[in-house]
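K.L.:
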Amino acid sequence: MLDINNLTITFGGLTAVNDVSMHLDEGRIYGLIGPNGAGKTTFFNLVSGVYIPTSGNISFCGSSLNGKKPYQINKAGISRTYQVINLFKKMTVLENILVGMHTQMKSDFAASLFHLRKERREEEEAVEKAHQWLQFVGIDQRANDMAGSLPYGEQRLLEIVRALSSKPRLILLDEPAAGMNSAEKETLNGFIRKIMSELHVTPLVIEHDMKLIMDICDYIFVLSFGKKIAEGTPQQVQADPEVIAAYLGGE
Amino acid sequence: MSAFIGNRNRLGIMIFIIVGLVLPLVFSAMPYAVLVCCYILIYLIAVSGFDVLVGFSGQISMGHAAYYCIGAYGSAMLHKYTGIPVFFTMLIAAVTATLVGTLIAWPTTKLVAHFMSLATIAFGNIVFQLVNTSPGRITGDANGLHTTYLSVFGYELNTYTRFYYFALIMVLLFMLIKYNLLHSRVGRAMLAIRENDHAANGMGVNVRFYKVAAFAVSAFFAAYAGAMFAHLVRYISPDSFKQTVSVMFLTMLLFGGTASMSGPIIGVTIVSLLNEALRPASSYKMLVYGVLLLFVILIFPGGILGVMRSMKEKIIQKRK
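Chains as they are written, first to last, in my numbering: chain V, 1117 to 1367; chain G, 7 to 326.
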């Protein structure tokens, strides 16, 4: 589904992502791990169009994503969450989802200004669908609250459903468990599995919590200093001497 | 819950319409007071549009009087030189300003807020200079330009009261459009850009497009208001479109409260009445705007509406 070939980006003299190639198929849960500063988030920013790669190719479902802007990549079917929560804080929880559904809706400028009948119908359907998304993660009772007023764990969940509501085929989750307690992590574990099994959206997860990542992922990529040093099943990656060296230090 | 909000909105609209209808009757012996009410309605259109730019999409224009000016001069000159009925020249002028706004917004939306302020100040000054010293003196330059009453379907709006009712209808129309926009896919995209343009982009919102669109909408509102102003007072001169007017729009909006329907109503009414109170000392106008702006920015960033909302929340919490 996602094919990445020799992806490289340099900032001044620093090569943040160095000649990374990856191949992701639909229907598996993927992990992306590596020590701090390995280039994981930069990699996400490349795939989601925030940065333009210095060289290399990204193609998704057979079409090239090179030079596409973030909003075009979202439309192409890749959605994402952020390491630092990036909700629309002074909009309601429901409105956050409705913005997520932006590409799923069609009402244009004229229809919106004059509140035409087709726009009204689409709006009603969208609100109903948005409530379903909130029920999916169990925060529908907060629908009319400001997104910024939710507790941390629920903000994380909201960010994930907001990304899901744009109906992606691939979702990039950047440290979804960061700052969560163990009970919240347990919920998240089940939730990421549900994304795959019920919604058929392929997750690619950056995470530092090894217990979580080894438990949920079918396949893991390891980055270190911008380079991909290993890939494979959790067992293979855990046994890889280079990975062990990268995490524990060594020669 | 949502039904409650809907009812409360309906109540607010009813009160607004009733007060709007009754006002000229109250002031029937004081045409000047009706004229002030006309100004309030005209400013209300301009500031409501300005809110789409500032309150919704989180951008800034420090030269918004430029669009107000293009609307006024555009309509007056088009009528003077072509004889097209005023009713249509007002619309043509507003559409022209929208196009100009789009053209100006295309490069300026790339700028961060402080450079956007500078660029829009510059644009405001360019337009002012162009009408003040026009090629071939087509705008009448500093002498100004006389123009005629507006006629709607052959009915001449030649008294303040007649114009007032026309303006009231236009205000309701423009505010309805703004309300629709706020509660639509397009309006939400603008709000999302204000909140976090990075995340909005990631969610599939074409940030550039909606930023430019917000400029265009606000230009249309301001220009139509400008055209109304021209045909209400029937004489315009460059003095009515100085930088002061841009600052006045900003003061009205921030003082009332952004991203709402009622904020501009509050802000426009209070600042307009202040304008009248200051008429004997009009050179202090800018000083008063400045103080008001500082007051709002430093002490209550949500404007009067923000203060009212937080007071209401406190009351509700006390009851709990």
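We treat Cβ as the ideally placed atom computed from N, Cα and C, and that holds for glycine.
When you compare the CB of Thr-1170/V with every CB in chain C, is at least one pair closer than 8 Å?
P.N.:
This model lacks chain C altogether, as its protein chains are V and G.
K.L.:
Considering only the alpha carbon of each residue, which of Leu-260/G, Arg-315/G and Cys-44/G lies closest to Phe-172/G?
P.N.:
By 1-based counting over the second sequence, the position of residue 172/G is 166. Answer by Cα proximity: Cys-44/G.
K.L.:
On the CB-based measure, 16 or more other CB atoms within 10 Å of its CB, does Ile-11/G come out buried or exposed?
P.N.:
Translated into the one-based positions of the second sequence, residue 11/G becomes position 5. Per-residue confidence for Ile-11/G stands at a pLDDT of 43, beneath the threshold of 50, marking its modelled position as unreliable; the derived number appears in the next sentence. So Ile-11/G counts as exposed.
K.L.:
Measuring alpha carbon to alpha carbon, tell me which residue in Asn-1122/V, Glu-1239/V and Met-1117/V is nearest Ser-1179/V.
P.N.:
Locating residue 1179/V in the first sequence gives position 63, where the first residue counts as 1. Of the listed residues, the one whose Cα sits closest to Ser-1179/V is Met-1117/V.
K.L.:
What's the call for Arg-191/G, buried or exposed, on a 16-neighbour Cβ count within 10 Å?
P.N.:
Position 185 of the second sequence, counted from the first residue, corresponds to residue 191/G. Arg-191/G comes out buried.
K.L.:
What are the boundary residues of the beta strand (DSSP E) that His-1139/V is part of?
P.N.:
The sequence position of residue 1139/V within the first sequence is 23, counting from 1. Element bounds for His-1139/V: 1130-1140.
K.L.:
Could you say which of Phe-94/G, Ser-157/G, Thr-250/G and Ile-272/G lies nearest to Met-292/G if we only look at CA atoms?
P.N.:
As a first step, residue 292/G is located in the second sequence; it is residue number 286 there, counting from the start. Minimum Cα distance to Met-292/G is reached at Thr-250/G.
K.L.:
From the beta carbon of Leu-97/G, is the nearest beta carbon of chain V less than 8 Å away?
P.N.:
Taking the first residue of the second sequence as 1, we reach residue 97/G at position 91. Chain V, which has no Cβ nearer than 8 Å to the Cβ of Leu-97/G, makes this no.
K.L.:
Could you run through the segment 1215-1249 of chain V and flag, in chain order, every residue whose CB is less than 9 Å away from some CB of chain G?
P.N.:
Val-1215, Gly-1216, Met-1217, His-1218, Thr-1219, Gln-1220, Met-1221, Lys-1222, Ser-1223, Asp-1224, Phe-1225, Ala-1227, Ser-1228, Leu-1229, Phe-1230, His-1231, Glu-1235, Glu-1238, Glu-1239 and Ala-1242
K.L.:
In whole angstroms, what is the alpha-carbon distance linking Ile-110/G and Phe-301/G?
P.N.:
The residue given as residue 110/G occupies position 104 in the second sequence. The residue given as residue 301/G occupies position 295 in the second sequence. Distance between the alpha carbons of Ile-110/G and Phe-301/G is about 31 Å.
K.L.:
Is the shortest distance between the beta-carbon of Ser-190/G and the beta-carbons of chain V less than 8 Å?
P.N.:
Within the second sequence, numbered from 1, the residue matching residue 190/G stands at position 184. Yes, because at least one Cβ of chain V sits closer than 8 Å to the Cβ of Ser-190/G.
K.L.:
State the Cα-Cα distance for the pair Ser-133/G and Pro-244/G, rounded to the nearest angstrom.
P.N.:
Taking the second sequence and counting its residues from 1, the one referred to as residue 133/G is at position 127. Taking the second sequence and counting its residues from 1, the one referred to as residue 244/G is at position 238. It should be pointed out that residue 133/G corresponds to Val in this sequence rather than to Ser. Each residue's Cα considered, the two are about 10 Å apart.
K.L.:
Pop quiz: Val-1136/V and Ile-1120/V are said to be a contact at Cβ under 8 Å. What is the actual Cβ separation, rounded to whole angstroms?
P.N.:
Residue 1136/V sits at position 20 when you count from the first residue of the first sequence. Residue 1120/V sits at position 4 when you count from the first residue of the first sequence. Rounded, the Cβ-Cβ distance is 7 Å, consistent with contact.
K.L.:
Residues of chain V with CB under 9 Å from Gly-77/G, in chain order?
P.N.:
For the purposes of this step, residue 77/G is taken as residue 71 along the second sequence, with counting starting at 1. Here the premise fails: no neighbours, minimum Cβ distance about 19 Å.
K.L.:
Does any CB atom of chain G fall closer than 8 Å to the CB of Phe-1204/V?
P.N.:
Against the first sequence, residue 1204/V aligns to sequence position 88. At a cut-off of 8 Å between C-beta atoms, Phe-1204/V counts as an interface residue with respect to chain G.
K.L.:
Does the segment 1273-1283 of chain V come close enough to the segment 1194-1209 of chain V to have 3 or more Cβ pairs within less than 8 Å?
P.N.:
The segment 1273-1283 of chain V vs the segment 1194-1209 of chain V: in contact.
K.L.:
Between the segment 199-216 of chain G and the segment 41-58 of chain G, are three or more C-beta pairs nearer than 8 Å?
P.N.:
no
K.L.:
Answer yes or no: does any C-beta atom of chain G fall closer than 8 Å to that of Glu-1211/V?
P.N.:
Here residue 1211/V refers to the residue found at position 95 of the first sequence. Yes, its Cβ sits closer than 8 Å to a Cβ of chain G.
K.L.:
For Met-1312/V, which three-state DSSP category applies?
P.N.:
Start at 1 with the first residue of the first sequence, and residue 1312/V comes out as number 196. In the three-state reduction of the DSSP assignment, Met-1312/V falls in the helix class, which pools H, G and I.
K.L.:
Name the chain G residues that come within less than 8 Å of Met-1373/V, Cβ to Cβ?
P.N.:
For residue 1373/V there is no data in the structure shown, the boundaries of chain V being 1117 and 1367.
K.L.:
Compare the C-beta of Lys-1374/V against all C-beta atoms of chain G and say whether one is closer than 8 Å.
P.N.:
Because chain V spans 1117 through 1367 in this model, residue 1374/V falls outside it and cannot be assessed.
K.L.:
Taking all protein chains shown into account, decide if Trp-1249/V is buried (16 or more other Cβ within 10 angstroms of its Cβ) or exposed.
P.N.:
Taking the first sequence and counting its residues from 1, one reaches residue 1249/V at position 133. It is buried - the Cβ of Trp-1249/V has at least 16 other Cβ atoms within 10 Å.
K.L.:
So, for Lys-1206/V: in the same chain, excluding its five sequence neighbours on each side, which residues have a beta-carbon less than 7 Å away from its beta-carbon?
P.N.:
As a working note, residue 1206/V is residue 90 in the first sequence. Met-1262 and Gly-1264, listed in sequence order.
K.L.:
Are three or more beta carbon pairs between the segment 223-237 of chain G and the segment 98-107 of chain G nearer than 8 Å?
P.N.:
yes
K.L.:
Quick check on the DSSP output: what are the complete beta strand (DSSP E) runs of length 3 or more inside the segment 81-123 of chain G, in order along the chain?
P.N.:
Fully contained in the segment 81-123 of chain G is no beta strand (DSSP E) run of length 3 or more.
K.L.:
How is Ala-265/G classed by DSSP in three states: helix, strand or coil?
P.N.:
Position 259 of the second sequence, counted from the first residue, corresponds to residue 265/G. Here Ala-265/G sits in coil by DSSP.
K.L.:
Between which two residues does the beta strand (DSSP E) holding Lys-1344/V run?
P.N.:
If you number the first sequence from 1, residue 1344/V lands on position 228. Residues 1343-1348.
K.L.:
Compare the C-alpha of Thr-165/G against each of Pro-30/G, Thr-95/G, Val-297/G and Ala-125/G and name the closest.
P.N.:
Counting from 1 along the second sequence, the entry for residue 165/G is found at position 159. Answer by Cα proximity: Pro-30/G.
K.L.:
Less than 8 Å between the beta carbons of Thr-1157/V and Asp-1325/V, yes or no?
P.N.:
Residue mapping note: residue 1157/V aligns to position 41 of the first sequence, counting from 1. Residue mapping note: residue 1325/V aligns to position 209 of the first sequence, counting from 1. No; because the gap between Cβ atoms is not below 8 Å, this pair is not in contact.
K.L.:
Who does Glu-162/G pair with in a DSSP beta bridge?
P.N.:
Counting from one through the second sequence, the residue named residue 162/G turns up at place 156. Paired residues: Ser-157/G.
K.L.:
Using three-state DSSP, classify Met-1330/V as helix, strand or coil.
P.N.:
As a first step, residue 1330/V must be located in the first sequence, where it is residue number 214. DSSP places Met-1330/V in helix when its eight states are reduced to three.
K.L.:
Below 8 Å on the Cβ atoms is my contact criterion, and I expect Ala-219/G with Ile-76/G to pass it. Report the Cβ-Cβ distance as a whole number of Å.
P.N.:
As a first step, residue 219/G is located in the second sequence; it is residue number 213 there, counting from the start. As a first step, residue 76/G is located in the second sequence; it is residue number 70 there, counting from the start. Ala-219/G to Ile-76/G, Cβ: 18 Å. No contact.
K.L.:
Mapping the DSSP letters down to three states, classify Pro-1319/V as helix, strand or coil.
P.N.:
Sequence index remark: in the first sequence, residue 1319/V carries index 203 (1-based). If DSSP states are grouped into helix, strand and coil, Pro-1319/V belongs with the strands.
K.L.:
Under 7 Å between beta-carbons, which chain G residues line up against Pro-1292/V? List them in chain order, please.
P.N.:
By 1-based counting over the first sequence, the position of residue 1292/V is 176. Within chain G, no residue has its beta carbon less than 7 Å from that of Pro-1292/V; the closest one is some 15 Å off.
K.L.:
For Ala-1268/V, return the contacting residues in chain G, with the cut-off set at a CB-CB distance below 9 Å.
P.N.:
For the purposes of this step, residue 1268/V is taken as residue 152 along the first sequence, with counting starting at 1. Going by the sequence as given, residue 1268/V is Tyr instead of Ala. Contact of Tyr-1268/V with chain G by beta-carbon distance below 9 Å is absent, the smallest such distance being about 17 Å.
K.L.:
Going by CA-CA distance only, name the one from Leu-163/G, Leu-178/G, Met-68/G and Ala-100/G that's closest to Phe-22/G.
P.N.:
On the second sequence, position 16 is the one that residue 22/G refers to. Nearest option by C-alpha distance: Leu-178/G.
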